[in-house]
Every structure is written in structure tokens, then in C-alpha cells.
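Q: To start, I am sharing the structure in question, which I have written as C-alpha cells.
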Amino acid sequence: MGSPVVLGIESSCDETGAGLVRNGRLLGHAVASSMDEHARFGGVVPEIAARAHVHALQPVVRRALDTAGMRLSDVGAVAVTTGPGLSGALQVGVAGAKSLAYALGVPLYGVHHLAGHVAADTLEHGPLPDPCVVLVVSGGHTSLLLVRDLARDPVVHLGDTRDDAAGECFDKVARVFGLPYPGGPAIDRAAREGDPEAVAFPRPLTGPGDDPYAFSFSGLKTAAARWAERHAPERLPVADGAAALQEAVADVLTRKAVAACTTHGVGTLVVVGGVAANSRVRALAEQRCREAGIELRVPPLRLCTDNGAMIAAVGDLLARAGAPPAPPQLSVDPSAPLERAALTPVAPATASAAGAA
């Protein structure tokens, strides 16, 4: 019997995603975003996000099936994000995934959100090289990872952010610059008309004695805010500020990622996550990888941001690797570190259940 069609469900933040994958091939996927509902607040409101997932989950699953030309009965396994993310949002996805898996009588897999971002690249470029260095860069996470067999081996963290993630830096500085939420795309658009050398923003943790693979963007965020405060709002050169900020972030990210590949003798760098869609990050990564003789892999833009296809991709890898399904008590872990692709937190027993035992 062949590998099952895996339905993946993603609901960790403000996108409700569903995707269908079999044997590493993306069959169909759909995404519904509640971003517009959060924009007037300048960031994601957890209660709004959870409510949006409740309304969007069933239609998104149906759209994913329609794009694949499949029926729900064709699904042979279900995978769902169990962390990290917003607790209420995650719980909506897990409840829906449990219901579907139970109704269909198929295995259920709990998936770490960041492992999903890593696996997203396999849907475009095939299996990950063993080993490879992965730069995960998004609104909530910035990490350098050494990845071998994603389904079977633990993920090695070479370095993580000590404070703000790169995407978080973009969001916060965009607000100071008077740009709309989400900040990453707004900074990218504004930077097209600016001079990246107009402002000498710092490159955090790139000194001789600094951790070579750790990140810190809090100081860069503060430097950009102080620079903006020195200008009258109507005279703020937003394009120059955006271009200089974007250049600083891209410089730090790509410099450390290429150095990690060189030091560890790894020939492939994979850049994933929402900030992987940033035009300057992609261009500078291409340039530096080419100069260093390193293969660069970046998923297409549609798979960089949160989506169900990436979760289905992990579920597909787990199913093919013979990984055990999640237990019926599968729960969520909103702050789970990335240790393995499978993430199967179990809800604690209630007081009454514990007493009965």
C-alpha cells in the first residue's frame, strides 16, 4: 500500500491553512487570512485570530480538497500544528484536526510549526540534503539550524534570536515610520525608493567576540526608532530609513547563515519563513551563496508565509518514516522549542480524572 494523502492544518496565528501532500508532492492547498481584521490594531489580537479560525477552518479544508480534485474520504492521515503559536488559535486547529481524523478513522500527527517552514521547501525542490543549514526567519522566530533527516533526527540549533525576531523588528519599526501592518511587506515596498546607505544602522552581534550564530534585533529596532524621532514626521525620509533597515537585517541574516555553512562544511543553505519573502534578503542570500559556492534553496513566495501545505509536508514525512501517530490526548504547546518535527504535547489530566485514577 502506498503512502497516504496527508491533510495538513495550520492555525498558529492569523492564517488558517489547509494543504494536501502525498509522497512529497503538493496536491492542493488553500489559505484564509484574518490580517485585515488585525491591521487597525497594529498587530495580531489573539481573540480575533481564534474566532477567525473557527469560521474559516471548514471552508479552507473544502477549498484545498477542491483544488486537488479530491474528496474528504481520500485523506489517509491528518497533520496539525500543535505549537508554537497563539494558544486559542492552536486549539481551534487541533480540535478540527482531531474531529476529522476520528471521523475518517485515520492517523493524526502533531507538528512543530517551524518544522513546517523547513519542510515547505521540499514541496518545491525535493528532499532536503543531509545535512543542510536552515535559516528560519519570520515574525516570531529567527534561528539557524543544522538539519539532517527532518522526520527522524533531532534538529540542532546553531543560534537563535536573543530578543526580537527579524520580522518583529520590521513590524515595530514600520509602525514608527508610519507604515501599515504587516511591517515586513511595507518596509520592502518603501525600500525600493530609498538608499540603503543613507543611514548607518548597526549590525548586531557581528563583532569579533560575539556569538557567531546568535541574533539580536532589539537594538537595531531602537536605533531606527531614535533615528525617526530626530526628524519631524512630515519630513521623515521613510524610503531611506526602510532601505537602510532592510539592508542591516539582510546583512546580518545572510552573513551569519553563510558563515554557518562554511564552518560546518555544509553545501546547502535553506532560507524559510515569512521574511524569506523579503526581496533584499533573497537577493543578498543569492549573492553571498554564489560567492561562497553554496547552493541556496528558498521556497516560492506562496509557501514562505504560514500555510497548511507545509504542515502536510511534515505529516507526509512522518508517515513515510513510520513515526507513531499522536495520542488521543493531543494538546497544544504555545511556546514549544523546536527539537523534532513531531510535536505531541498531551493535555494534563483534570483533577477529577486524577482522583478517579
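What the sequence shown shows, in the numbering used here, is residues 1 to 357, in sequence order. Just so it is clear, CB atoms sit at the ideal spot from N, CA and C, and this is done for glycine as well. No experiment lies behind these values; they were computed from the predicted model shown.
Indicate the three-state DSSP secondary structure (helix, strand or coil) for F41 in the structure shown.
A: coil
Q: Is V118 helix, strand or coil by DSSP?
A: helix
Q: With respect to the beta strand (DSSP E) encompassing H29, which residues constitute its N-terminal and C-terminal limits?
A: Its beta strand (DSSP E) spans residues 25 to 33.
Q: Let's test the definition: count the other Cβ atoms within 10 Å of the Cβ of D36 and tell me whether it reaches 16, buried, or not, exposed.
A: Classified as exposed, D36 has fewer than 16 neighbouring CB atoms from the shown chains inside 10 Å of its CB.
Q: Leaving out five residues before and five after S352 in sequence, what residues of the same chain have Cβ atoms less than 8 angstroms from its Cβ?
A: Residue placement at S352 cannot be trusted, given a pLDDT of 46 that sits under 50; what the coordinates show is reported in the next sentence. Taken in chain order, the list of residues that qualify is empty.
Q: Drop a sphere of 10 angstroms on the beta-carbon of A248, count the other beta-carbons inside from all chains shown, and report buried for 16 or more, exposed for fewer.
A: buried
Q: Could you tell me how far apart the beta carbons of E15 and N307 are, in whole angstroms, since I believe they sit closer than 8 angstroms?
A: 7 angstroms
Q: Any chance the region 100 to 113 sits against the region 36 to 49, with 3 or more Cβ pairs inside 8 angstroms?
A: no
Q: Identify which residue in V31, L7, P237 has its Cα closest to the Cα of G17.
A: Of V31, L7, P237, the residue nearest in Cα terms is V31.
Q: Is it right to say L72 is buried, meaning 16 or more other beta carbons lie within 10 angstroms of its own, or is it exposed?
A: Burial call: exposed.
Q: Just to confirm before moving on: does the CB-CB distance between L303 and L150 stay below 8 angstroms?
A: no
Q: In its own chain, which residues sit with a C-beta less than 7 angstroms from the C-beta of V266, not counting the 5 before and 5 after it?
A: Taken in chain order, the residues that qualify are P131, C132, V133.
Q: Determine contact between the region 233 to 247 and the region 176 to 193, defined as no fewer than three beta-carbon pairs at a distance below 8 angstroms.
A: Flag = yes, the region 233 to 247 and the region 176 to 193 touch.
Q: So what does I9 bridge to, in DSSP terms?
A: A18, V80
Q: My guess is that F201 and T161 are in contact by the Cβ rule of under 8 angstroms, so how many angstroms apart are they, rounded?
A: 17 angstroms between Cβ atoms; not a contact.
Q: Whole angstroms are fine: how far does the CA of F177 sit from the CA of L104?
A: 50 angstroms
Q: Classify R198 as helix, strand or coil using the three-state DSSP reduction.
A: What sits at residue 198 in the sequence shown is Ala, not Arg. Coil at A198, not helix or strand.
Q: Go through the region 155 to 225 residue by residue and report every complete run of the beta strand (DSSP E) that reaches 3 residues or more, in order.
A: DSSP runs (the beta strand (DSSP E)) wholly in the region 155 to 225: 156 to 160.
Q: Just reading off the beta strand (DSSP E) that L146 is part of, what are its end residues?
A: 142 to 147
Q: Considering only residues of the same chain and omitting the five flanking positions on each side of K221, which have a CB-CB separation below 7 angstroms?
A: Here the set comprises D164, C169, K172, V173.
Q: With DSSP run on the structure shown, which of helix, strand or coil describes G110?
A: strand
Q: Between H157 and R340, what straight-line distance do the alpha-carbon atoms span, to the nearest angstrom?
A: 11 angstroms
Q: Using DSSP with H/G/I as helix, E/B as strand and the rest coil, what is E247?
A: helix
Q: Does A277 come out as helix, strand or coil in the three-state DSSP assignment?
A: helix
Q: Please report how far the alpha carbon of D121 lies from the alpha carbon of A232, in whole angstroms.
A: 44 angstroms
Q: Suppose you measure from the CA of G126 to the CA of G24; what does that come to, to the nearest Å?
A: 7 angstroms
Q: Our contact map puts T81 next to S138 with C-beta atoms below 8 angstroms; I'd like the distance itself, whole angstroms only.
A: Incorrect: roughly 13 angstroms between the Cβ atoms, too far for contact.
Q: CB H53 to CB A89, shorter than 8 angstroms?
A: yes
Q: In three-state terms, what does DSSP make of A341?
A: coil
Q: So is F41 buried or exposed if we call it buried at 16+ other beta carbons inside 10 Å?
A: Exposed: under 16 other Cβ atoms inside 10 Å.
Q: What number of angstroms, rounded off, separates the C-alpha of G69 from the C-alpha of R175?
A: 42 angstroms
Q: Just mark G83 as buried or exposed, buried being the case when its beta carbon has 16 or more other beta carbons within 10 Å.
A: buried
Q: Straight-line CA distance for L363 to V281?
A: The requested residue 363 is not part of the displayed model; the chain covers only 1 to 357.
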